[in-house]
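Reading through the structure tokens given below for one structure.
Numbering (full-length UniProt numbering), first residue to last: 1 to 708.
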């Protein structure tokens with residue numbers, strides 16, 4: 001039944017991968033295509049996303065046994081058989097852990113092969129997969145526990161090959177679990193790079209593995225005998241103690257132990273978790289579960305149990321007679337389990353969790369819980385207590401039974417996709433970087449302009465009001481000049497600057513967050529911006545704006561007190577001279593002086609006596625009326641606005657590090673602050689690039705953990 005092509009034909013191009021999680025209790029098969037998204041699709045087995053790992057077989061004379069049904073149908077059919085019909089039937093369950101162990105290895109291999117054959121047929125007939133097998137472009141990957149021998153890994157793959165899946169590769173189940181969580185974004189590449197602990201607690205084994213990018217997967221540990229079936233036995237004994245009137249045949253005892261009580265255990269665990277998640281959040285003592293169970297032979301049994309009673313039973317466990325008989329055929333260690341004294345199963349789990357863990361050698365970012373037995377509410381608490389992590393650092397998918405199968409399917413697809421994505425991202429990033437750099441420059445330009453305006457506008461508003469008051473009410477220009485001089489000297493430039501020190505850092509932080517979020521979304525990268533850019537990431541110091549106080553005060557003094565007042569003085573003089581307002585003693589001025597004034601050169605080019613007389617002249621309503629014919633209010637405001645704009649520009653240039661226009665930087669300017677904003681632009685861009693490169697690098701974490 002092996003998947004094959006006619007002789008002479010080559011393998012078809014790669015389409016995707018099929019993952020098989022062949023579990024002790026349930027089996028899940030998933031497919032993931034290279035040309036779709038990285039969300040694996042469950043392949044239905046008997047109409048369900050996962051199926052019970054069990055078979056119903058019938059004696060077939062010399063041909064051995066024939067498979068009557070598998071999965072839930074096998075379970076239901078076994079229920080309906082009469083005692084006489086059961087004599088030539090066999091219900092097989094829990095065979096996967098035993099394929100190389102003890103006297104049951106032969107029958108366990110036969111049952112495994114038969115079960116996987118039915119799975120192969122179901123996959124073929126499902127219509128979900130485009131192809132099946134390596135030759136058809138759809139290689140198959142089967143999961144194996146990390147803590148098993150090479151013989152068991154090889155045997156597992158060979159059984160799948162013999163079932164018809166063609167050449168099958170095995171992959172450690174912890175890597176499948178990690179791939180699943182990487183694909184859905186619940187675990188980041190950075191977390192996997194630091195270190196992840198995968199706890200796979202299934203029906204037959206407790207499998208623990210630590211892995212990270214630098215050391216790969218460390219020697220796994222766990223216990224291939226510590227699994228959910230021990231808890232099945234707790235419920236088996238509990239059920240029989242509550243229903244002593246029920247008598248079961250040997251075959252029925254094994255069935256109730258392996259199937260009925262496993263289902264009871266899962267219902268009890270689910271009810272416990274549902275109660276904890278409910279709005280009432282009852283105390284453990286108040287959580288109780290009741291059920292009416294169907295048994296073979298059309299019989300029923302009532303069950304009623306509380307969480308405290310369950311926990312008590314886990315602390316004093318001894319195997320039942322059915323379990324003892326089963327264990328004696330599986331492993332010599334389990335054969336003597338509980339003979340000397342009761343076993344504390346939770347303590348056994350607790351000790352096993354940390355047995356192979358070295359805190360100094362195994363840095364840990366988070367824990368992944370997977371496998372059906374990790375649904376137990378106590379598992380998260382045990383992990384938190386054992387490793388000292390916060391509860392949110394212990395992750396579990398909504399359906400941990402299907403996590404590994406889906407992860408096995410997505411593992412190679414994710415590696416293939418991420419390799420292509422990394423190449424594309426590296427090629428495209430320079431363009432995005434230039435866009436970001438331009439925006440940083442715009443932010444710095446916007447910040448320096450707003451800072452300059454924050455300094456200049458309130459000051460110039462007062463200056464304008466002083467000039468307009470003189471223009472309206474009259475008086476001496478000297479008084480205006482002195483008032484402006486006093487206001488400028490008392491103007492608190494430093495306080496205005498210091499109030500804006502942190503604004504640029506906050507703006508740049510928002511800019512990095514925004515552009516990073518857009519970049520992640522555009523490329524469908526499941527990373528949170530807050531994880532990539534925690535507080536304090538922006539380490540480049542913004543210059544202390546207060547250090548510019550003296551230079552900015554000098555700019556204001558030069559442009560406003562001297563320059564603007566001088567310009568207004570010159571305009572007023574020319575207007576007054578032209579209208580003969582100041583006919584004596586000024587009418588005899590040389591033409592050269594009038595020309596100089598017309599050029600707006602201000603106080604310094606006018607002889608001192610003349611300057612003093614003009615400044616001290618008391619303008620009254622008549623002289624103002626004549627002046628306004630030559631000097632309109634709008635023209636006065638225009639000159640003030642020109643001075644204001646020039647002050648804003650020179651302060652902005654100073655803050656940006658360009659220096660005042662038409663002037664070279666002076667030796668007195670603090671060199672440590674001079675280039676700071678330009679340096680900040682380069683460093684912020686570099687930091688953004690470093691974060692992006694780290695994200696791109698994290699996409700290759702699977703290759704670093706396991707180099708196939």
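The beta-carbon is built from N, C-alpha and C at its ideal position, and this holds for glycine as well.
As the structure is a prediction and not an experimental result, all values here were calculated from the model.
Point to revise | Where residue 376 falls: helix, strand or coil (DSSP) | key: Three-state result, residue 376: coil.
**Study point:** Per-residue DSSP class, three states only, for residue 89
**Key:** Here residue 89 sits in strand by DSSP.
Exercise for review: Using the DSSP secondary-structure output, state which residues sit across from residue 51 in a beta bridge.
Suggested key: As a beta-bridge residue in DSSP terms, residue 51 pairs with 27.
Practice item. Classify residue 634 as buried or exposed, calling it buried when 16 or more other Cβ atoms lie within 10 Å of its own Cβ. Key: Classification for residue 634: exposed.
Review point. Any idea what DSSP makes of residue 691, helix, strand or coil?
Key: Correct three-state label for residue 691: helix.
Review point. DSSP puts residue 169 in a beta bridge; with which residues?
Key: Note: residue 169 sits in a beta bridge opposite 141.
Practice item. Go ahead and pull the three-state DSSP assignment for residue 35. Key: Three-state result, residue 35: coil.
Review point. Any chance the region 673-693 sits against the region 399-419, with 3 or more Cβ pairs inside 8 Å?
Key: No: the two stretches stay apart, fewer than three of their Cβ pairs being nearer than 8 Å.
Check your understanding: Using a threshold of 7 Å, is the CB atom of residue 652 nearer than that to any non-hydrogen atom of the ligand FAD?
Key -> By its list of ligands, the structure shown contains no ligand whatsoever, and the ligand FAD lies outside what it can speak to.
**Study point:** Endpoints, alpha helix (DSSP H) assigned at residue 495
**Key:** Taken as a continuous stretch (DSSP letters only), the alpha helix (DSSP H) holding residue 495 covers 493-498.
Practice item. Could you please give the first and the last residue of the uninterrupted alpha helix (DSSP H) stretch that includes residue 212? Key: Looking at the DSSP string, residue 212 is not in any alpha helix (DSSP H); the run it does join, the beta strand (DSSP E), is 206-212.
Point to revise | Beta carbon of residue 75 nearer than 8 Å to that of residue 301 | key: Remark: C-beta atoms of residue 75 and residue 301 do not approach each other more closely than 8 Å.
Check your understanding: Is the distance from the Cβ of residue 163 to the Cβ of residue 231 below 8 Å?
Key -> No, the pair does not count as a contact, with Cβ atoms beyond the cut-off.
**Study point:** Collapsed DSSP secondary structure at residue 684 in the structure displayed
**Key:** DSSP places residue 684 in helix when its eight states are reduced to three.
Practice item. Note down, in chain order, each residue of its chain lying with its Cβ closer than 7 Å to the Cβ of residue 66, except the 5 sequence neighbours on either side. Key: Apart from the 5 residues on each side of it in sequence, residue 66 sits with its Cβ closer than 7 Å to the Cβ of 57, 58, 60 in its chain, given in chain order.
Review point. Using the C-alpha atoms, what's the distance from residue 349 back to residue 233?
Key: Residue 233 and residue 349 have their C-alpha atoms roughly 16 Å apart.
Review point. Considering residue 268, what are the terminal residues of the beta strand (DSSP E) in which it resides?
Key: Note, residue 268: premise wrong, no beta strand (DSSP E); alpha helix (DSSP H) at 261-277.
Check your understanding: Taking the continuous beta strand (DSSP E) assigned at residue 371, which residues delimit it?
Key -> Where residue 371 is concerned, there is no enclosing beta strand (DSSP E), given that its DSSP letter is neither H nor E.
Review point. Does the beta-carbon distance from residue 221 to residue 371 come in below 8 Å?
Key: Not a contact, by the Cβ cut-off of 8 Å.
Point to revise | Span separating the alpha-carbon of residue 667 from that of residue 641 | key: Bear in mind that a pLDDT of 37 at residue 667, under 50, signals an unreliable position, so the number given afterwards is only what the model happens to contain. Distance from the CA of residue 667 to the CA of residue 641, rounded to the nearest whole angstrom, comes to 31 Å.
Review point. With residue 696 and residue 271 assumed to form a contact (beta carbons below 8 Å), what rounded beta-carbon distance in angstroms separates them?
Key: Their Cβ separation, rounded to whole angstroms, is 45 Å, which puts residue 696 and residue 271 out of contact at 8 Å.
Point to revise | Rounded straight-line distance, which links the Cα of residue 17 to that of residue 125 | key: Taking C-alpha positions only, residue 125 is separated from residue 17 by approximately 17 Å.
**Study point:** Best match in 522, 558, 475, 644 for proximity to residue 622 [C-alpha to C-alpha]
**Key:** Residue 475 is the option with its Cα nearest to residue 622.
Check your understanding: How many Å lie between residue 186 and residue 149 at the Cα?
Key -> Residue 186 and residue 149 have their C-alpha atoms some 31 Å from each other.
**Study point:** Among 615, 151, 166, 311, nearest to residue 566 - alpha-carbon criterion
**Key:** The candidate whose alpha carbon is nearest that of residue 566 is 615.
Point to revise | Option in 262, 215, 249, 513 with minimal Cα separation from residue 238 | key: Residue 262 is the option with its Cα nearest to residue 238.
Check your understanding: In or out: residue 48 buried (at least 16 other Cβ within 10 Å) or exposed?
Key -> Around the Cβ of residue 48, a 10 Å sphere holds fewer than 16 other Cβ atoms; the residue is exposed.
**Study point:** Endpoints, alpha helix (DSSP H) assigned at residue 113
**Key:** Unbroken alpha helix (DSSP H) run through residue 113: 105-126.
Review point. Should residue 109 go down as buried or exposed, given a rule of 16 or more other Cβ atoms within 10 Å for buried?
Key: With 16 or more other Cβ atoms inside 10 Å of its own Cβ, residue 109 counts as buried.
Exercise for review: Using DSSP bridges, identify the partner residues of residue 201.
Suggested key: Answer is 206, bridged to residue 201.
Exercise for review: Pick out whichever of 229, 42, 493, 28 has its Cα sitting closest to the Cα of residue 71.
Suggested key: Relative to the Cα of residue 71, the nearest Cα in the group 229, 42, 493, 28 belongs to 28.
Exercise for review: Inspect the CB distances between the region 210-218 and the region 274-289 and report whether three or more fall short of 8 Å.
Suggested key: Cβ pair count under 8 Å is below three, so no.
Practice item. Compute the Euclidean distance between the alpha carbons of residue 161 and residue 366, then round it to the nearest angstrom. Key: Answer to the nearest angstrom: the Cα atoms are 35 Å apart.
Practice item. State buried or exposed for residue 430, treating a residue as buried only when at least 16 other CB atoms are found within 10 Å of its CB. Key: By the 10 Å Cβ count, residue 430 comes out exposed.
Check your understanding: Does the region 637-654 come within contact of the region 450-459, defined as at least 3 CB pairs closer than 8 Å?
Key -> Pairwise C-beta distances place the region 637-654 in contact with the region 450-459, as three or more of them are shorter than 8 Å.
Practice item. Would you mind working out which of 268, 242, 297 sits nearest residue 255, comparing C-alpha positions? Key: That would be 297, whose Cα lies nearest to the Cα of residue 255.
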